[in-house]
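Enquirer: Mind looking over this structure? Questions follow.
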Amino acid sequence: MKWNTYIKDYQSYLRIERGLSKNTIENYSFDIERLCLFLEANRIEVSPIKISDETVQEFIYSVSKEVNPRSQARIISGLKSFFNYLVFEDYRNDNPMELIEAPKTGRKLPDTLSVEEIDNLIAAIDLSSNEGERNKAMLETLYGCGLRVSELVSLKISDLFFEEGFIKITGKGNKERFVPIGHSTQKYIEIYQKGVRVHLKIKKGHEDTLFLNRRGNQLTRAMIFTIIKDLAVKIGLNKNISPHTLRHSFATHLLENGADLRSIQLMLGHESITTTEIYVHLDRSFLKEVMHTFHPRR
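In our numbering, the protein residues as written are 47 to 344.
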């Protein structure tokens with residue numbers, strides 16, 4: 047069996063048994079393919095079940111000179127997972143990554159925007175075009191519901207429960223959750239639906255997809271990134287932002303206004319509360335104020 051065969055089996059395992067998303071599987075696969083390119087460049091002919099600890103260490107050493115510690119840690123984690131799978135399937139007796147430690151990266155705090163910056167970003171959208179009405183509805187939904195970009199582009203009309211005030215989101219691992227949606231966000235979605243989407247020639251298979259491009263196809267994640275980056279340039283925003291920035295801002299603003307962490311966790315669809323806890327580190331002055339206001343021994 048060659049590397050490609052093992053990689054395909056591993057991808058099937060990640061998809062079927064672990065229920066990971068397509069994007070996550072692609073990231074795991076990229077790390078293995080990078081190792082394959084290293085072997086090819088150094089003319090090392092070895093299968094994944096025969097590769098030695100020393101060869102893997104040489105690869106990690108070469109990578110450490112090309113990428114930052116955070117990327118290096120991700121590659122090490124991805125390869126450990128791959129070789130753990132090979133051990134689990136009895137292809138190998140050991141994991142050659144076992145003794146390799148990831149570099150200390152510290153906790154990277156997410157970028158956030160103020161409410162004013164988000165207002166300015168959305169206000170910069172040109173509403174004279176059909177795409178403008180769609181883009182406004184998308185950004186309002188991203189920020190108003192705290193969605194991942196993958197959740198936004200796959201959002202269905204049948205997932206909208208406006209009368210109940212919720213939308214149904216299919217998140218990581220195909221896990222479903224219901225997220226509250228405000229009246230203003232509902233309004234912008236309805237404007238887009240009735241004024242723009244209804245006139246599109248929708249491609250087969252996308253009849254239920256909410257946000258579409260001008261050809262009637264589902265939008266790509268990359269397109270959402272481009273839309274937001276262009277708007278940031280337009281208003282002269284000197285921050286490196288992405289669709290995820292709106293999600294982080296959603297959580298941060300909820301926390302600043304008194305929402306509890308457990309509620310934020312449920313709305314974001316985080317499996318663990320520890321993932322949500324990163325937002326606690328964004329505004330320590332707010333936490334200090336909460337302590338002085340509510341603790342009996344303030």
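Beta carbons: idealized from backbone N, C-alpha and C, even for Gly.
From residue 218 to residue 66, what does the alpha carbon distance come to, in whole angstroms?
Expert: The residue labelled residue 218 in the question sits at position 172 within the sequence shown. The residue labelled residue 66 in the question sits at position 20 within the sequence shown. When rounded, the distance between both Cα atoms is 7 angstroms.
Enquirer: Would residue 95 and residue 138 qualify as a contact pair, given that the criterion is a beta-carbon distance under 8 angstroms?
Expert: Taking the sequence shown and counting its residues from 1, one reaches residue 95 at position 49. Taking the sequence shown and counting its residues from 1, one reaches residue 138 at position 92. Against a cut-off of 8 angstroms, the Cβ pair of residue 138 and residue 95 comes out as a contact.
Enquirer: Just checking my contact of residue 78 with residue 62 at CB under 8 angstroms: how many whole Å lie between their CB atoms?
Expert: Here residue 78 corresponds to residue number 32 of the sequence shown, with the count starting at 1. Here residue 62 corresponds to residue number 16 of the sequence shown, with the count starting at 1. Not confirmed; about 18 angstroms, so no contact.
Enquirer: Give me the Cα-Cα distance between residue 323 and residue 157, rounded to the nearest whole angstrom.
Expert: Counting from one through the sequence shown, the residue named residue 323 turns up at place 277. Counting from one through the sequence shown, the residue named residue 157 turns up at place 111. Going from the Cα of residue 323 to the Cα of residue 157 covers about 15 angstroms.
Enquirer: Can you have a look at residue 294 and say buried or exposed, based on whether 16 or more other CB atoms are within 10 angstroms of its CB?
Expert: For the purposes of this step, residue 294 is taken as the residue at position 248 of the sequence shown. Residue 294 should be labelled buried.
Enquirer: Can you round the beta-carbon distance between residue 246 and residue 170 to whole angstroms, since I take them to be within the 8 angstroms contact cut?
Expert: For the purposes of this step, residue 246 is identified with residue 200 of the sequence shown, where counting begins at 1. For the purposes of this step, residue 170 is identified with residue 124 of the sequence shown, where counting begins at 1. Actually they are not in contact, since the Cβ atoms of residue 246 and residue 170 sit about 24 angstroms apart, beyond 8 angstroms.
Enquirer: Taking residue 128 as part of the beta strand (DSSP E), name the residues at either end of that continuous run.
Expert: Counted from its first residue, the sequence shown places residue 128 at position 82. It is not in any beta strand (DSSP E) - residue 128 instead sits in the alpha helix (DSSP H) that spans 115-134.
Enquirer: List the DSSP bridge partners of residue 339.
Expert: As a position in the sequence shown, residue 339 is number 293, starting the count at 1. Residue 339 is not bridged to any residue.
Enquirer: Could you give the first and the last residue of the continuous alpha helix (DSSP H) run that contains residue 208?
Expert: Indexing the sequence shown from 1 puts residue 208 at position 162. Here residue 208 belongs to no alpha helix (DSSP H), and DSSP marks it neither H nor E.
Enquirer: Which stretch, first to last residue, makes up the beta strand (DSSP E) that contains residue 213?
Expert: Taking the sequence shown and counting its residues from 1, the one referred to as residue 213 is at position 167. Residue 213 -> beta strand (DSSP E) spans 212-216.
Enquirer: Rounding to the nearest angstrom, what Cα-Cα distance links residue 144 and residue 126 in this structure?
Expert: Here residue 144 refers to the residue found at position 98 of the sequence shown. Here residue 126 refers to the residue found at position 80 of the sequence shown. Rounded to the nearest angstrom, the two C-alpha atoms are 7 angstroms apart.
Enquirer: Give me the Cβ distance between residue 255 and residue 191, rounded to the nearest whole Å; I'm assuming they're in contact under 8 angstroms.
Expert: By one-based count along the sequence shown, residue 255 stands at place 209. By one-based count along the sequence shown, residue 191 stands at place 145. With 8 angstroms as the limit, residue 255 and residue 191 do not qualify as a contact, their Cβ atoms being about 17 angstroms apart.
Enquirer: Name the two residues that bound the continuous alpha helix (DSSP H) containing residue 161.
Expert: Looking up residue 161 in the sequence shown gives position 115. Residue 161 -> alpha helix (DSSP H) spans 161-169.
Enquirer: Can you tell me which of the three DSSP states residue 321 falls into?
Expert: Walking along the sequence shown from the start, residue 321 turns up at place 275. Looking at residue 321 - three-state DSSP - the assignment turns out to be helix.
Enquirer: Consult DSSP for residue 314 and reduce its assignment to one of helix, strand or coil.
Expert: Counted from its first residue, the sequence shown places residue 314 at position 268. If DSSP states are grouped into helix, strand and coil, residue 314 belongs with the helices.
Enquirer: I need the straight-line Cα distance from residue 51 to residue 93, nearest angstrom please.
Expert: For the purposes of this step, residue 51 is identified with residue 5 of the sequence shown, where counting begins at 1. For the purposes of this step, residue 93 is identified with residue 47 of the sequence shown, where counting begins at 1. Whole-angstrom Cα-Cα distance: 11 angstroms.
Enquirer: Where do the ends of the alpha helix (DSSP H) carrying residue 102 lie?
Expert: Here residue 102 refers to the residue found at position 56 when the sequence shown is read from its first residue. Per DSSP, residue 102 belongs to the alpha helix (DSSP H) from 99-110.
Enquirer: Would you identify the three-state DSSP class for residue 21, choosing helix, strand or coil?
Expert: The structure shown does not extend to residue 21, since the chain is modelled only from 47 through 344, so no value can be given for it.
Enquirer: Taking just the CA atoms, how far does residue 98 sit from residue 281?
Expert: Counting from 1 along the sequence shown, the entry for residue 281 is found at position 235. Counting from 1 along the sequence shown, the entry for residue 98 is found at position 52. Going by the C-alpha atoms only, they are around 53 angstroms apart.
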